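In the working numbering, the protein residues as written are 28 to 1002. All C-beta atoms in this analysis are idealised placements derived from N, C-alpha and C, irrespective of residue type, glycine included. Computed from a prediction, not measured in an experiment: that's the story for all the values here.
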Amino acid sequence: MPGRCRDDARALTEARDRVLAGEPPRAPVRDTVLASWLRCREGGLRPEGCEPPHHPDLDPDGGLARAAAPVLDRLADLVAGVPVSIVLADEGARILERRAGGPGLDRHLDEVRLVPGAGFDEGAAGTNGIGTALATGRPALVRAGEHYADRLRSFVCTGAPVRDPLTGRIAGVVDLTRHEPDTAETADSMAELVRRASAAVEQEMLERCTDRERSLLHAWTLAAGRPGGTSAFIGPDDLDDPGELPLPEDWTAARRDRHARQILLETSAGLIARGERAAVEVRLPGAGPTVLISHPVEYRDGTRGTVVEARPAADHRHRVLRAVPAAPAPGRAPVRPGGARPVREKGPVERGTSERDSVDTDPYGGTSRPVMVGERGVGRFAVAARQRLALLWEAGGRIGAALDPALNAAELADLVVPRFADGVTVDLRESLLRGGAPPGAADRADTALRRAAARRRSGRDASRPAPGEGKPVEHGPATPQARSIEQRGPVLAPGPRAPGAPGAHRTRGTLLCVPLLSRNAVLGVVTFHRDAGREPFEEDDLRLAEALAARTALCADNAHRRLHERDAALALQRSLLPRTLPQQGALDVAHRYAAAPEGTGRGWYDVIPLSGARVALVVGDVVGGGLHAAATVARLRTAVQNFAALDLPADELLGRLDDLVVRLDAEAGHGRTPPQDRRETGAAGETGVLGTAGVVGEAGETGAARVAGATCLYAVHDAVARRCTMARAGGLRPALVHPDGTVEFPSLPPGEPLGHGGREPFESVELEVPDGARLVLFTDGLCGGRSAGDRAGDRGAERGAERLREVLAVAGRSPEETCDAVVRALLPAVPQEDAVLLVAAPRPLDGRRVARWDVPADPARVAAARAAVTRRLTEWGLGEVVFATELIVSELLTNAIRYGGGPIQLRLIRDRALTCEVFDGSSTSPRLRRAKSTDEGGRGLFLVAQLADRWGTRHTADGKVIWTEQSLDGDAPGL
């Protein structure tokens, strides 16, 4: 063990020397010790020159020494026989007392001047248990080689700060020191002992404060000629006691009123903080006007304090020297709770009257009661503590109201100026304001900063923005801001210097710099500033500033992560929508999509070419936002494309999609939608403007993972028949703009939104779409959107639909021109939901591009049909596809005659591709299979699949259609 300790000491000495040289240590050094070494180095202290100063004017019998005496006596008995010394130091690291030890240890301590009167602050003696505990405000354990000074490297010491229980300020340090360097294993037990001793001294100090208050109350009762004993009163530790107030018996209603307690306590604490004779009138609920009167009192041992009494204002006859309101918060106008106002008595008080004579023996006729007693300093600290708690409580409601890091910084700045500081600046990382990935704990702390908020006190109670907001800032390595970020803790420093001011008057107030930390990552730094005319920041202010900074950092981080997720979701959403519309010859389609940065609905759309010169148009929206909504859009769009590839009718396709949504929700544990929700949705749908508002609240209650509530409008346009078949699950009705500009909203049954159970089948309607007409499909977001649970949303959507009618009622516009006009007129500046707009105009399909033949159910007529097809292809100039088309027609007609039923019809459509269709009366679909070498049939459909680019089957009301598509070289020439 001795050899190991010597090796550790050598490694620590080398590490310290590297720190002195500005190099990182190679050996592991505890963070507390390394930070102390850095402070010593910055202070210009050399390890060989650490000489503790002597303070001959030290008072060894002060309040700390008297409170610590019984604790140190017990501690000395506990360590009797152990070579350890007990040291008590004051707030300046000056040794007040040294106990226990032994002849050998005392000799070593005398050699290093660890004696009463010596100063062992870190700036003079280097890293040590006393000075480091005072510098950090926390218990400090310093092992032998961890001392900065060479002369102390054979000692093991541990110190714990003692805080004044009323002010929170450090009053001194209790320290245990040993000289044996090989006993480092006992350091933990020494640290535990010293922590317990520090807590015991603080308790002694608190009890002595309570004794002084009792003495003050007893002095007041004697001076007022009251009967013996103590009267009921409220002390500083009774501020939240829900019991009865010490008011006269006839004030029954006010005795237990919480609002009356608040008024009484705040005003009384302010009077005690003043420490003067005063009278303040307040209005207590249930008691009417009440006067609070403060009296200075003095006990036999010289303890001075103030007693506050309450009495009805109507009986008030007491004379006061000066009337003042309750003590205001620093930097604020006086606050008078409950309408408190000062009262001045007629008739002056003689200047020579003593305190004892100035209190009437029984001036109130028995109706007054003592309310609070305390010392001026204690009262001042109690008021300050209540103000800090009030500020912290208010911060919980104000900071974080906006999901924006810059606004969170402004919320903090507006809150603390001028109540907590005269000026504040909040500097955030550039990445936090620009967006991007959330910062991590491993990111560099010196990342570029930008000033997000700056406020400066203006006048008495107001704050105003300070210059520099939005600009980049750079804090040098020696600035308090840089040190705060590096140490990841608060740093107190003198304020900025006033140019031209001599000597000590060159500094203006104090600075308090606190890093903004969240999830162990540095987000920025906040700097609080108090002017020179205001009390400097103290220990309690540090804790409050840390709490405010921690809340601001957490809110800013959450806001940044929320915005980052939103941006990622929007990017994913856009990537999942069609980048370009597919080429097809049936419709001229234009579209617009506007994503809502925040909202309760995500829109989607699609254009799907189908067989037989038909095109499917799809628009819809989903509930919620974020990544889940984007994933839901991807699922629905993929499902619709697959169902459309099966050539399902519009109503059947929505039924299949509804079943899919129900299954998805069941897998996520949501189950079916409650019946009452379905009824409400159906009622809204009767208006023809059903959106997603009826289910947004439902999704919010059950979680964002719910798919139910999505809407979908599915329309299939047939260019040959010039008709459009459509069905909808929720959503808004489409608009049909006729060639003359007349706008019609077809009567399309609304259907329930997807996922609401499929209890009622979807219905489809068929519309005639003449040449020159325009079909307009859109989502709720285009008409202003709807808020969750907003029953006025239907009316808003109806108004939006009427506005849309006015915009569309112009003849001769192209789809692109129509989209531009609608977006300019209707799209909100900040949509609450995604807005989707599809405008489709039919492309006229000349009748000469379509050929059809009725074919009798006779195999002998196949040859005649094949010849007719050949003639028509030759007329169309498509001789290169005659051979393949003849084979396809032969196989399809033969199958229809053999396995289907009449009537049988053959149709050719020449568009961007050559489509061949065979209609029959059977509902049985052919199946492609690989024929065996011994099979006599089964090869016809396989041959068709090899010759055509695509083939498939779709069902009709009268049977089915088997179709094929063959690509053509370029667009067909005009006829």
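Identify whether residue i lies in helix, strand or coil by the three-state DSSP scheme.
i	result
residue 662	helix
residue 932	strand
residue 309	strand
residue 479	strand
residue 540	strand
residue 426	coil
residue 718	Residue confidence for residue 718 is low, a pLDDT of 30 falling below 50, so the modelled location carries little weight and cannot support an answer.
residue 213	helix
residue 168	strand
residue 499	strand
residue 349	Confidence in residue 349 is poor, its pLDDT being 35 and thus under 50, which makes the residue's placement unreliable; the coordinate value appears in the next sentence. Reduced to three states, the DSSP call for residue 349 is coil.
residue 969	helix
residue 763	strand
residue 792	strand
residue 775	coil
residue 692	helix
residue 60	helix
residue 508	helix
residue 77	coil
residue 458	helix
residue 202	strand
residue 644	strand
residue 294	helix
residue 633	strand
residue 131	helix
residue 43	helix
residue 431	coil
Using alpha carbons as the reference points, say which of the options lies closest to residue i.
i	options	result
residue 740	649, 653, 880 and 655	649
residue 789	332, 738 and 622	738
residue 117	63, 196 and 139	196
residue 926	908, 948 and 934	948
residue 897	683, 883, 884 and 879	879
residue 440	179, 450 and 692	450
residue 521	783, 513, 511 and 556	556
residue 93	198, 139 and 77	198
residue 16	458, 547, 446 and 565	Shown here, the chain extends from 28 to 1002; a query on residue 16 therefore has no answer.
residue 433	416, 481, 475 and 422	481
residue 3	970, 895 and 794	Because residue 3 is not part of the residues shown, which for the chain are 28 to 1002, the question remains open.
Quick one: what's got a C-beta closer than 7 Å to residue i's C-beta in the same chain, skipping five residues either side?
i	result
residue 40	172
residue 665	none
residue 478	452, 454, 495, 496, 497, 498 and 500
residue 930	881 and 948
residue 233	192
residue 609	634 and 636
Just to confirm my understanding: we take residue i, look at its own chain, exclude 5 residues before and 5 after, and list those with CB closer than 8 Å. What are they?
i	result
residue 435	426, 427, 429, 579, 582, 583 and 586
residue 796	744, 749, 750, 751, 763, 802 and 869
residue 80	145, 146 and 151
Can you give the beta carbon distance from residue i to residue j, rounded, assuming they're within the 8 Å contact cut?
i	j	result
residue 161	residue 218	Contact doesn't hold; Cβ gap of about 16 Å is too wide.
residue 938	residue 876	7 Å
residue 892	residue 866	That belief does not hold up - the Cβ atoms of residue 892 and residue 866 are roughly 40 Å apart, past 8 Å.
residue 295	residue 319	6 Å
residue 165	residue 182	No, residue 165 and residue 182 are not in contact; Cβ-Cβ is about 20 Å, not under 8 Å.
Residues in the same chain with beta-carbon distance under 6 Å from residue i, minus the five sequence neighbours each way, listed in chain order, please.
i	result
residue 382	Its pLDDT being 37, under 50, residue 382 is placed unreliably in this model, and the value from its coordinates should be taken loosely. For residue 382, where only same-chain residues beyond five positions count, the Cβ hits under 6 Å are 323.
residue 989	919, 945 and 980
residue 38	54
residue 542	511, 512, 515, 549 and 552
residue 532	The pLDDT assigned to residue 532 is 42, lower than 50, so where the model puts this residue is not dependable, and the model offers no usable value.
residue 469	In this predicted model, residue 469 has a pLDDT of only 47, less than 50, meaning its place in the structure is not dependable enough to derive any value.
residue 909	897 and 900
residue 670	680 and 683
residue 63	154 and 159
residue 615	842, 868 and 870
Answer yes or no: does any C-beta atom of chain D fall closer than 7 Å to that of residue i?
i	result
residue 588	Considering every chain present, this structure includes no chain D. It has just one protein chain.
Would you mind listing the beta strand (DSSP E) stretches within the segment 860–936 that are 3+ residues and don't spill past its ends, in chain order? The qualifying runs are 862–869 and 877–882.
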